[in-house]
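Residues 1 to 996 (the working numbering) are what the first sequence spells out, left to right. Even for Gly, the Cβ is constructed at its ideal location relative to N, Cα and C.
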Amino acid sequence: MKKGDHLFLIDGSGFIFRAFHALPPLTRKSDGLPVGAVSGFCNMLWKLLTDARDTSVGVTPTHLAVIFDYSAKTFRKDLYDAYKANRSAPPDELIPQFGLIREATRAFNLPCIETEGFEADDIIATYALQAEATGADVTIVSSDKDLMQLVTPNIHMYDSMKDKQIGIPDVIEKWGVSPEKMIDLQAMTGDSVDNVPGIPGVGPKTAAQLLAEYGDLDTLLDRAHEIKQEKRRQAILENADKARLSRELVRLRSDVPLVLGLDDLVLEVQNGPKLIGFLKALQFTTLTRRVAEACNCDASAIEAADVKVEWGTAAHGPDLDAVEPEPVAGGIPDVEGAAVPIPATAKPAGKGFTPAELAKARAEAFAALPFDHSTYVTIRDLATLDKWIGDARATGLVAFDTETTSLDAMQAELVGFSMAIADNDKNPTGLKTRAAYVPIGHRNGVSDLLGGGVADNQIPMRDALPRLKALLEDESVLKVAQDLKYDYLLMKRYGVETKSFDDTMLMSYVLDAGIGAHGMDSLSEKFLGHKPIAYKDIAGSGRANVTFDLVDIDRATHYAAEGADVTLRLWMVLKPRLAAAKLTAVYERLERPLLPVLARMEERGITVDRQILSRLSGELAQGAARLEDEIYTLAGEKFTIGSPKQLGDILFGKMGLAGGNKTKTGQWSTSASVLEELATAGYELPRKIVDWRQLTKLKSTYTDALPGYVHPQTRRVHTSYSLASTTTGRLSSSEPNLQNIPVRTLEGRKIRTAFISVPGHKLISADYSQIELRVLAHVAEIPQLTQAFAEGIDIHAMTASEMFGVPVDGMPTEVRRRAKAINFGIIYGISAFGLANQLSIERSEAGDYIKKYFERFPGIRDYMDSRKQMARDKGYVETIFGRRINYPEIRSSNPSVRAFNERAAINAPIQGSAADIIRRAMIKIEPALAEAGLADRVRMLLQVHDELVFEVEDADVEKAMPIIVSVMENAAMPALEMRVPLKVDARAATNWEEAH
DNA sequence: GTGGTCTCCTA
DNA sequence: GTAGGAGACCACA
Numbered sequence: 001m002k003k004g005d006h007l008f009l010i011d012g013s014g015f016i017f018r019a020f021h022a023l024p025p026l027t028r029k030s031d032g033l034p035v036g037a038v039s040g041f042c043n044m045l046w047k048l049l050t051d052a053r054d055t056s057v058g059v060t061p062t063h064l065a066v067i068f069d070y071s072a073k074t075f076r077k078d079l080y081d082a083y084k085a086n087r088s089a090p091p092d093e094l095i096p097q098f099g100l101i102r103e104a105t106r107a108f109n110l111p112c113i114e115t116e117g118f119e120a121d122d123i124i125a126t127y128a129l130q131a132e133a134t135g136a137d138v139t140i141v142s143s144d145k146d147l148m149q150l151v152t153p154n155i156h157m158y159d160s161m162k163d164k165q166i167g168i169p170d171v172i173e174k175w176g177v178s179p180e181k182m183i184d185l186q187a188m189t190g191d192s193v194d195n196v197p198g199i200p201g202v203g204p205k206t207a208a209q210l211l212a213e214y215g216d217l218d219t220l221l222d223r224a225h226e227i228k229q230e231k232r233r234q235a236i237l238e239n240a241d242k243a244r245l246s247r248e249l250v251r252l253r254s255d256v257p258l259v260l261g262l263d264d265l266v267l268e269v270q271n272g273p274k275l276i277g278f279l280k281a282l283q284f285t286t287l288t289r290r291v292a293e294a295c296n297c298d299a300s301a302i303e304a305a306d307v308k309v310e311w312g313t314a315a316h317g318p319d320l321d322a323v324e325p326e327p328v329a330g331g332i333p334d335v336e337g338a339a340v341p342i343p344a345t346a347k348p349a350g351k352g353f354t355p356a357e358l359a360k361a362r363a364e365a366f367a368a369l370p371f372d373h374s375t376y377v378t379i380r381d382l383a384t385l386d387k388w389i390g391d392a393r394a395t396g397l398v399a400f401d402t403e404t405t406s407l408d409a410m411q412a413e414l415v416g417f418s419m420a421i422a423d424n425d426k427n428p429t430g431l432k433t434r435a436a437y438v439p440i441g442h443r444n445g446v447s448d449l450l451g452g453g454v455a456d457n458q459i460p461m462r463d464a465l466p467r468l469k470a471l472l473e474d475e476s477v478l479k480v481a482q483d484l485k486y487d488y489l490l491m492k493r494y495g496v497e498t499k500s501f502d503d504t505m506l507m508s509y510v511l512d513a514g515i516g517a518h519g520m521d522s523l524s525e526k527f528l529g530h531k532p533i534a535y536k537d538i539a540g541s542g543r544a545n546v547t548f549d550l551v552d553i554d555r556a557t558h559y560a561a562e563g564a565d566v567t568l569r570l571w572m573v574l575k576p577r578l579a580a581a582k583l584t585a586v587y588e589r590l591e592r593p594l595l596p597v598l599a600r601m602e603e604r605g606i607t608v609d610r611q612i613l614s615r616l617s618g619e620l621a622q623g624a625a626r627l628e629d630e631i632y633t634l635a636g637e638k639f640t641i642g643s644p645k646q647l648g649d650i651l652f653g654k655m656g657l658a659g660g661n662k663t664k665t666g667q668w669s670t671s672a673s674v675l676e677e678l679a680t681a682g683y684e685l686p687r688k689i690v691d692w693r694q695l696t697k698l699k700s701t702y703t704d705a706l707p708g709y710v711h712p713q714t715r716r717v718h719t720s721y722s723l724a725s726t727t728t729g730r731l732s733s734s735e736p737n738l739q740n741i742p743v744r745t746l747e748g749r750k751i752r753t754a755f756i757s758v759p760g761h762k763l764i765s766a767d768y769s770q771i772e773l774r775v776l777a778h779v780a781e782i783p784q785l786t787q788a789f790a791e792g793i794d795i796h797a798m799t800a801s802e803m804f805g806v807p808v809d810g811m812p813t814e815v816r817r818r819a820k821a822i823n824f825g826i827i828y829g830i831s832a833f834g835l836a837n838q839l840s841i842e843r844s845e846a847g848d849y850i851k852k853y854f855e856r857f858p859g860i861r862d863y864m865d866s867r868k869q870m871a872r873d874k875g876y877v878e879t880i881f882g883r884r885i886n887y888p889e890i891r892s893s894n895p896s897v898r899a900f901n902e903r904a905a906i907n908a909p910i911q912g913s914a915a916d917i918i919r920r921a922m923i924k925i926e927p928a929l930a931e932a933g934l935a936d937r938v939r940m941l942l943q944v945h946d947e948l949v950f951e952v953e954d955a956d957v958e959k960a961m962p963i964i965v966s967v968m969e970n971a972a973m974p975a976l977e978m979r980v981p982l983k984v985d986a987r988a989a990t991n992w993e994e995a996h
């Protein structure tokens, strides 16, 4: 290198962070790999190499190197233990890009430099000073203030994002001091991001002012007693040592041992085809074209390179974005010595496992690792508890489970908790686990009049709870649980808000929806080859069953510690599988963040007016009794009307009516449709049976059952949502199911009037209009449908008009009804049989309709065929956000099983995408309301697949409604721009019936 | 008491 | 034709 040469040093790691935060709409490859920073990097490089004169640098490099941080552990860590201790793991989307930018650098034929124990900045400093000594000019491509100390007349910085060159005047303008004083300035101000202490209370302005006055840090510290301002003087005197330490932390080293000398950095001629191969692999089409033009290559003749994806690179499914993930929640904790063998950053090529390899290694290792109950311990004293919690902190990972008195998280009392820890034995498959149980509220069953006595040798709740709280709320420790929503809600009732978590049930759900169950026992048998102790074996069952607080502590330890151990091992197996299957984004954006949202909804509950229900129940009882008498008279005898068997005998045996169907077990079917037909044929009895059934159904399932769910303390009804019990991604609701409250009949709707807001409040119901048909229009790209939705036309009438040639104006309701049934049929994976049933028409006629429909909307047939094909080829289909739904039986040799799976595979992307959209809305809505100052004033209570119900203070209704509507209508964005608009209707009233 | 079947409520 | 949960009845343990 010589005078006149120009060395460019690119801060590769810095570029990634900068580009990541500066380019919000994430760019992704079609398979979901995030490549925004890589794209920016390649464009910037290309520009510097070819037409740098167009940039503010104004000169093309003769030498160039890209510098990376090697690892978090550097000599600075030895100087100051807490250095960069505040750094959390980089965002997940960013991780794969570290490896890819290294790949890109190699594709550009450029040296890629990193040295163990040093930060990129030190390497840059070393090269820059060496180059300057030869008389060459240097441009450091970075805008990091830590590098500004290097700026001289010959060494410039270049902010490639802003296309701005940074020289001495720019540093002075920005910081008020010349570059050589930047070290002293940073020593005083410190850096909260890197955890450089500095002097408290001294920011850039004060520091610059002090340096102007005293010249440098040493002089300042010597003469600090002269400072007039009392507070400032004291701060400086007290923190002189910290300032000196900080100076050593921010001072860049210029003596890094270098493998490549300056002359090794000389720019080589580009290898056009190699670069094009790489750019094509990443789908950077514009740049590919430019490079091809520049090197006279035919890009179409060059194959996309097989870009080797490193650690964690495949961690992402399709584009999911903008829902802010819970802070650090469930990320891999960046803790020294963490037991988690998945590294937080990309590893150099050739080292370690790919996610798929790790997943395989873990699966094999844990399938064979036996469970040893003798190692489980009972923790009965605080010292041991503190030791375990300390170990959890040190490893950054703990599996956790609660034991309680009830399956109902709203009523359960904490009896004890268990923990499992993986010890870091440097074994990448993380084979060593240990577990413990902490009894807190066990009773010995020796009951007096006040109930059982407290068992001996337990840590009292008042001592255990604060420690448990500290652990669960510690963001740097990842808590792993199976079905965490239960524990989350329970602990929330004890004033604990769990932060940083993973849920093995949800991980299994994302990975294997449609394949087996996701409960702990079945997962354990499936992945660990181990059948855990059954609850009923320690607590008994039936009449002999006892609550957990009465279980003997030793037996409880076996059960509870094993549960935590199983959970930890499942996590070890499932976590790398998520990355390998590119499902991390689905898990982190659609599953995990919803868990606390649902827990809050369940905790809030909804008020149900028991008087209304009781009155309705009486009315229903009267109506049913009257019908019973009439039924007995018509039948000529008394019988159990509710027994389909007896009823079938009466109708089709004794009375000998014709037109009966048989169920699959050979019984007479007495379903409503059969009875309706008989009624239409003129028989009185079936009509009355249908009416009787409606009344008794409403009475037993709703008016009589709901009051039993009113919580004794809150006086509200708290349903439980399941995140993982449907195959498509929908939620389900149980105990009670509040997703099937009647709405279709007048009688049924009355039940909704019992769901009320508390005084001074309203219920707001907001529901998506035709969301599944809109999703269909989007995924199948049907022009007529998209257009109709864009114009707000009646979609069923449009369908009817297309199919039957009837004008929309004055269309007979029967025609529209048929079109509507066909539209729904399409969503359900239509069959002539099903449509015929629905419309009570002949199979052949239904078949004609379907044929006609496909002629009119050929895109629908293509869509359906493509879903069936995908399910056959891959075994799964997916939603627009990348959720996978598996159909392991799609290739069954049984035609009806196969057809069933095909219909489900057609329906799942539609139903599941709609479910994903409302999930996104639910996750976004609380932050949106909080931003409007409505946190806690607008409370989301219920979800009914396409509807959300809120309870809102009267004064906030007008303000809340547009926010709710807007969040819901825009829920798909910015991850996805839909081809059709989403429409949401919202209403407020004091009860659910009027609000809906 | 448990589990299967039938029926019916929702989106 | 898709996806659920739940109550009543009834046979079996």
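What does the alpha-carbon distance come out to for the pair residue i and residue j?
i, j, result
"SER508", "LEU570", "9 angstroms"
"MET978", "VAL586", "18 angstroms"
"ARG18", "ASP483", "37 angstroms"
"THR665", "GLY642", "18 angstroms"
"GLU814", "ALA800", "10 angstroms"
"GLU119", "THR726", "48 angstroms"
"ASP372", "ALA561", "11 angstroms"
"ARG749", "PRO742", "6 angstroms"
"TYR437", "THR378", "5 angstroms"
"GLY684", "ALA621", "Before going on, a small fix: residue 684 reads as Glu here, not Gly. Those two C-alpha atoms are separated by around 21 angstroms."
For the putative contact between residue i and residue j, defined by C-beta atoms under 8 angstroms, what is the C-beta separation to the nearest angstrom?
i, j, result
"MET188", "VAL202", "5 angstroms"
"LEU594", "ARG919", "6 angstroms"
"LYS280", "ALA299", "7 angstroms"
"LEU262", "HIS63", "7 angstroms"
"ALA128", "VAL138", "5 angstroms"
Once you ignore the five residues that flank residue i on each side, which residues in its own chain have a CB closer than 8 angstroms to its CB?
i, result
"LEU472", "PHE400, LYS479, MET491, VAL496, GLU497, THR498 and LYS499"
"ALA224", "ARG233, ILE236, LEU237 and ALA240"
"TRP175", "LYS145, MET148, MET182, LEU185, PRO204 and ALA208"
"ASN907", "THR728, ILE827, TYR828 and GLY829"
"ALA52", "GLY58, VAL59, THR60 and PRO61"
Should residue i and residue j be called a contact, given that it needs their Cβ atoms to be closer than 8 angstroms?
i, j, result
"MET182", "MET601", "no"
"ASP565", "THR402", "no"
"ARG752", "GLY605", "no"
"THR567", "ALA481", "yes"
"LYS47", "GLY135", "no"
"VAL944", "ALA960", "no"
"PRO532", "SER522", "no"
"SER246", "VAL177", "no"
Go through its chain and collect everything with a Cβ distance to residue i's Cβ below 7 angstroms, but skip five positions before and after it.
i, result
"ARG610", "PRO707 and VAL710"
"THR714", "GLY605"
Nearer than 7 angstroms: is that true of the beta carbon of residue i relative to any heavy atom of the ligand MG?
i, result
"ALA422", "Ligands displayed in this structure: none; no statement on the ligand MG is therefore possible."
Got a sec? Which residues, its chain only, sit under 6 angstroms from residue i by beta carbon, not counting five neighbours each side?
i, result
"ARG898", "SER892"
Alpha helix (DSSP H) segments (min. 4 residues) lying fully within the segment 349-416
355-368 and 382-395
Kindly provide the ranges of any alpha helix (DSSP H) runs that are 4 or more residues long and lie completely inside the segment 631-675, ordered along the chain.
644-648
Inside the segment 249-315 only - alpha helix (DSSP H) runs reaching at least 4 residues:
272-281 and 285-295
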